[in-house]
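Before any comments, here is the structure.
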Amino acid sequence: MFKNAAGYKFGPSSPSKEELQMPLDVLSQFSDLSGNWDPLCFMNVTSEIRAYSLITFHSERNLFSIHPLVHEWTRSTASDERYHCCMVSITGMSLAGLPETDMAAAGPKMLPHIDFLLRGNMNIVPDFRHEYGKAYLFAGELEKAKQLLQAVLEHRKNTLGEDDLATLEAIHWVAWIYDNLGKFQEAEELGILVVNKRRDVLGEHHRDTLNSTGDLALVLTKLGRLREAEELNVAVLKTRRLILGENHPETL
1 MFKNAAGYKF GPSSPSKEEL QMPLDVLSQF SDLSGNWDPL CFMNVTSEIR AYSLITFHSE
61 RNLFSIHPLV HEWTRSTASD ERYHCCMVSI TGMSLAGLPE TDMAAAGPKM LPHIDFLLRG
121 NMNIVPDFRH EYGKAYLFAG ELEKAKQLLQ AVLEHRKNTL GEDDLATLEA IHWVAWIYDN
181 LGKFQEAEEL GILVVNKRRD VLGEHHRDTL NSTGDLALVL TKLGRLREAE ELNVAVLKTR
241 RLILGENHPE TL
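Residue numbers 1 to 252, in this note's numbering, belong to the letters of the sequence shown in order.
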């Protein structure tokens, strides 16, 4: 979690370094003089906390745990809004950029923390709400995911425009939620929108365009429109063979 947060990549729609100064200062405790993640620094800090029996390390699962009573005590003690904002940011930074397989593994574990962080009345930046929504999605909490990601989508449409890549990513995830909710007509409408706009903005052979086309084919299959789905899948397969090669995992 902390390692991924320390490697957070700033983008056009992300908070500025000035806005994230406090979480960056916290994360700097785990970095070397060059600003790179230092496992030894992290272990030194966590070893000191473990010495007070506040956290436990489970080597077989390679993760730390906190006793529920200790967890609740820290929540009630660190009530300053600055600390809450810092935790919101570090959690969002830790989830940003995770591959889907890693998000599927991390999402369920992060939900208790995210549930707590969302209890506050603060205005959480859309980029971090976006990551929280994805965590809920991969954990199967579809309605919570929908609420967060639709709000992010509307914000990005209004501030960045419908053709911005960040907006298209939000549309992609909302379409995925509709698919998982069994609302295939809504998923199809958004899926077509994403495919067409990614073709225009990124090009027909871009990985994101191909992935969106494959997702749309899956929705069409669920709608019983097998011939249309087959045509899209064949087009994706041919393009991946051409661009990636016959033996690439995405082609296979």
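Don't be surprised by glycine CBs; every beta carbon is placed ideally from N, CA and C. Note that the structure is predicted; figures quoted are calculated from it, not measured.
Nearest-angstrom Cβ-Cβ length linking residue i and residue j, presumed shorter than 8 Å
i	j	result
V219	E246	No, V219 and E246 are not in contact; Cβ-Cβ is about 27 Å, not under 8 Å.
A96	L111	With 8 Å as the limit, A96 and L111 do not qualify as a contact, their Cβ atoms being about 17 Å apart.
T209	L202	5 Å
L98	N4	7 Å
W37	S28	Actually they do not touch by this definition, with Cβ atoms about 11 Å apart.
N180	L142	6 Å
Secondary structure of residue i, DSSP reduced to three states
i	result
S16	coil
S31	strand
Selection from the options that minimises the alpha carbon distance to residue i
i	options	result
V194	R240, E231, S16, W176	W176
R82	L168, R50, D25, Q29	D25
H155	L181, N123, T56	N123
L190	S16, V174, H84	V174
Q150	K197, M87, P15, Y178	Y178
L118	N36, G140, K144, K109	K144
A104	P249, E250, Q29, F138	F138
C86	T101, V125, G107	V125
G7	S94, C41, F184	S94
Buried versus exposed call for residue i [16 or more other C-beta atoms within 10 Å across all chains shown]
i	result
E230	exposed
D163	exposed
H130	buried
K9	exposed
M43	exposed
G92	buried
D127	buried
S13	buried
E18	exposed
P23	buried
H113	buried
K238	exposed
E204	exposed
G11	exposed
S34	exposed
A51	exposed
Length of the line joining the Cα atoms of residue i and residue j
i	j	result
T221	G214	11 Å
R240	R199	15 Å
R207	I49	44 Å
N233	L226	10 Å
T159	S89	21 Å
Y132	E169	14 Å
G182	L223	10 Å
P39	T46	10 Å
G161	H172	15 Å
E186	S212	15 Å
P15	Q21	10 Å
F2	A166	24 Å
G140	F116	18 Å
T56	K109	16 Å
L101	G107	Correcting the residue type first, residue 101 is Thr in the shown sequence and not Leu. The straight-line gap from Cα to Cα measures roughly 10 Å.
N196	I243	20 Å
F184	C41	49 Å
A235	K157	30 Å
Any non-hydrogen atom of the ligand GDP closer than 8 Å to residue i Cβ
i	result
R199	This structure lacks the ligand GDP; in fact it carries no ligand of any kind.
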